[in-house]
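In this note's numbering, the protein residues as written are 1 to 1084.
Yeah, the Cβ is synthetic: ideal placement off N, Cα and C, and Gly gets one too.
It should be emphasised that the depicted structure is a prediction, and the values quoted were computed from it without experimental measurement.
Below you'll find the structure, written out as structure tokens, and then a few comments.
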RNA sequence: GGGCGCUUAGCUCAGCUGGCUAGAGCACCGGCCUUACAAGCCGGGGGUCAUAGGUUCAAGUCCUAUAGCGCCCACCA
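The structure is reproduced here in structure tokens:
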């Protein structure tokens, strides 16, 4: 027999329990004939580092849901995995390479770098998995995937091929955010902005051949002066006077609507605008006319003549009213260029590494920031610098390298998100095939509650459907093309071979290409001006010197090597870029299940099969679409939207029906916890100190609605052992280190620095969880001490005592409440229902009441059997939240009381993890009994209160008498035992004719009078009673006022008025009784 | 600049469609080593629900404005 140790020690129990689950493969899911299935796709942690509390929250929520559904006997699959996280991972490894060996990626080459990243990935993936396992995650480890696994790579390639074939993937020139350090483009999502002190340089551009009466130069301003080297025009507004008036009018309207506080600033602005009518407009009008005449200005330093052009981008109300146009390095200027392609050039002045290229003239080879300094000095010496203003500017930084990004013109691959002429086909060749205007629109439609896929499913966000739907919707509504190429070496390489070919050479190349089956190799030919030709159409093109880009997509990796050789011979080479990480993550819900074909999915050796077998369906048809995605708010746009698009496009169905958005964990300063901020906490540190179950308990308890969680954290200084509040501590040499205020020494909170001691993170919030587990442990231990192996006997209701029937009634209601709250994605409310039942009802009342009964040789077996049953249900009920401790206790309970139940034995199970979820038993629920029990509890509390007020020691029993009539008297009499035991009474009497002992303390409530004898101190008692009276009078006053209000009586619903009347009467009766008692006592 | 959200006890948070004396945990105060648990038990104090208006018989809950805080998106020659 397995005895429970007397002390709760999470460290001792958790790891053996996890081993048991692993041994028995309790986590494993296989398709079968069950209709109810529950599927969660784990949001992929990046292999860039360790998990923090945000991940812990995410994982615990998923584990709680999956365990709950598994116990409800759903076929429950939780698919785990990790993400290769292209930029993030390559950046980390490159950084280490440079720090440790002083080498760049170019020194060691593509193959060697990728090999090193694989090593890194293996190491960190292991660490992440071990963290998830120590958190108790019951994912299906036999299906663990990595986004660069063959099975995922195949899905990526297939999707790319299909999108390319459908012309939804295309290559084009775009201004992208360029990371000069990592030498790659980064998406908008990967750029963060910071306000810095900067300057605003006002430059003079001389006008070419100024006529008398014309200005000698125009003034333009910039925060990035070096970009002037790439200027190709200066723009002014075509109708500056009218435009200024329009702006003035707009500003006036705004002033009318503005608040008192905003007005002064706006009015000052208006004054400035108005002054411009005189100061700027005449000259701007003149410049506009000059621009119309095709006049030019001389670009300083470059000595290049560039045109004055007319464009509405120039704002007459700002600066000089003229604006320099640098199409190659500014997004707005790029737009201007697209409107004036015939008039002006587009020039790129940057090399990929951020130095200036040959287009920068004298500045070629200089770093952009060095060039800026020299260029400004040069302008100054030529008297072309009007002035420099100090100004706060927002600079965009790459999230990965922390260096400023540059807008940079380059050729990139895009997914077309917008609507397409004639619409697009989604779920092609499936039974769910449908048409939509475009990819983004399809994903937007799918959150509309009226939209239904072929399976009748759509997507809902929880716990706030409207709010999060809007976030999702607003982002998609922009329908911006998705840039999917990254100039990296780590990731899925773009399966396109391309080359530039003239119209003359085209026929020969196309001849060769048309030999391929289009099912294997798909070809598009891009011509000038965004023109695009199919292979057939391209053959009709004129054979001239026009340049075309031939693009061929090879569908299958297996054929790549051979075709690569053949295409190389034609001058087509594979694009060196890799795909945006989100491209493969978007496919996660399908690629992991074996899409496009689970029957031959290239899964790793030893993994659970995806193919159908023995009459069981394959994983894709069985588990897709899934059930719930659990994630944080920030992921809605990045990932949820893209999974929707990919799911709808490939399979014609949503990837899941529910999205559970959990709270964001903030630190003590209210800032979001994240790795990049250095305030992320390793949950393992919490587990070390408090145990996994404590961690999980508190995370569940904190997860209420949409409220973000503030978790003030402290580090235990490795030098003093004292806690250091991280909200106020000073940082050390990096954002990951802090200075211990007592010793002045530096420590690290991530554990990634080799030369600095790391500190553990504590937060007293987690004590709550540990205390709870300790309580559960001790209650269970107490139960075991009293239980004994006995044969199961069916218990009928009349064999049960009041407290037995009460606890069973409460249990059933608790199960119903927990179910309801979990279904509504409200873990906090769920766990609190369970907690209150266990702690306040089971421990505080039931256990105390049955202590003597359990020892009774005659009837003890009844109490013991009920206790075993309730404990059984409590363990099941808590298992999804705190799996380790419940599983451990379950083992002991199975030993000592293998058969448990009331009228019949409960279904047994070796593991509580696989046991059936408690059911609601309406036949146990008893309103009247609960009301009577509540009355008894109320009486007991009032007696205890009196005892406390008079500081009666617990071991001194007192006598109590209650004056009560009717049903109350009857039910209290029935519970004499309970009252005597709980209130520590020597004697207890109740009845309508009860007489107050001479010197008894009194409490009046409702029609009841409680007399506690032998404790009285007249003065104290009078004070107590008068306090009660005051309180009562206040409430009576309130009620009378309410009822005296004619409108209340007239307009409030009748039952509300009626209740109020009844209440007033009761209060008055109570007051009368109280006053009697006070009068009596005053005479003493 | 556009959009969204938050402000309830010292702290962290509940409070559904408006309706009994606004709740919990932690912290605090008083009393208990009652043979499961001092990581516990029993009892208690503490809130003009950010501010100002409004709607209503009735407002923490609905509306408007103000202040503070936060998030997302866009943009700043």
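Work out the CA separation of residue j and residue i for me, nearest whole Å.
i: residue 465; j: residue 749; result: 37 angstroms
i: residue 603; j: residue 149; result: 8 angstroms
i: residue 280; j: residue 293; result: 20 angstroms
i: residue 229; j: residue 765; result: 58 angstroms
i: residue 383; j: residue 205; result: 11 angstroms
i: residue 352; j: residue 388; result: 29 angstroms
i: residue 1061; j: residue 1041; result: 11 angstroms
i: residue 556; j: residue 520; result: 7 angstroms
i: residue 343; j: residue 367; result: 30 angstroms
i: residue 79; j: residue 585; result: 13 angstroms
i: residue 565; j: residue 497; result: 11 angstroms
i: residue 202; j: residue 379; result: 10 angstroms
i: residue 1076; j: residue 776; result: 47 angstroms
i: residue 793; j: residue 819; result: 29 angstroms
i: residue 182; j: residue 97; result: 13 angstroms
i: residue 237; j: residue 323; result: 9 angstroms
i: residue 935; j: residue 1063; result: 18 angstroms
i: residue 625; j: residue 459; result: 11 angstroms
Can you tell me whether DSSP reads residue i as helix, strand or coil?
i: residue 79; result: strand
i: residue 599; result: helix
i: residue 21; result: helix
i: residue 237; result: coil
i: residue 894; result: helix
i: residue 1056; result: helix
i: residue 804; result: helix
i: residue 1094; result: Nothing about residue 1094 can be read from this structure; the chain reaches only from 1 to 1084.
i: residue 949; result: helix
i: residue 854; result: helix
i: residue 217; result: strand
i: residue 137; result: coil
i: residue 648; result: helix
i: residue 30; result: coil
i: residue 472; result: helix
i: residue 632; result: strand
i: residue 928; result: helix
Can you tell me whether residue i is buried or exposed, with buried defined as 16 or more other CB within 10 angstroms of its CB?
i: residue 738; result: buried
i: residue 841; result: buried
i: residue 796; result: exposed
i: residue 317; result: buried
i: residue 369; result: exposed
i: residue 48; result: buried
i: residue 231; result: buried
i: residue 177; result: buried
i: residue 916; result: exposed
i: residue 193; result: exposed
i: residue 221; result: buried
i: residue 707; result: exposed
i: residue 171; result: buried
Strictly by DSSP, which residues pair up with residue i?
i: residue 548; result: 501
i: residue 46; result: 83
i: residue 207; result: 297
i: residue 901; result: 905
i: residue 715; result: 724 and 761
i: residue 355; result: 367
Enumerated in chain order, which unbroken segments of the beta strand (DSSP E) with a length of 3 residues or greater are wholly contained in the stretch 498 to 544? As far as the stretch 498 to 544 is concerned, its whole beta strand (DSSP E) runs of at least 3 residues are 521 to 526 and 532 to 534.
Runs of beta strand (DSSP E) lying entirely within the stretch 995 to 1057, each at least 3 residues, in chain order: 1000 to 1005 and 1008 to 1013
Along the chain, which unbroken stretches of the beta strand (DSSP E) at least 3 residues long are found entirely within the stretch 395 to 430? Those beta strand (DSSP E) runs which fall completely within the stretch 395 to 430 and span 3+ residues are 405 to 415 and 419 to 426.
May I have a chain-ordered list of the alpha helix (DSSP H) segments no shorter than 4 residues that lie completely inside the stretch 54 to 125? If we require 4 residues or more, the alpha helix (DSSP H) runs fully inside the stretch 54 to 125 come out as 86 to 101 and 105 to 108.
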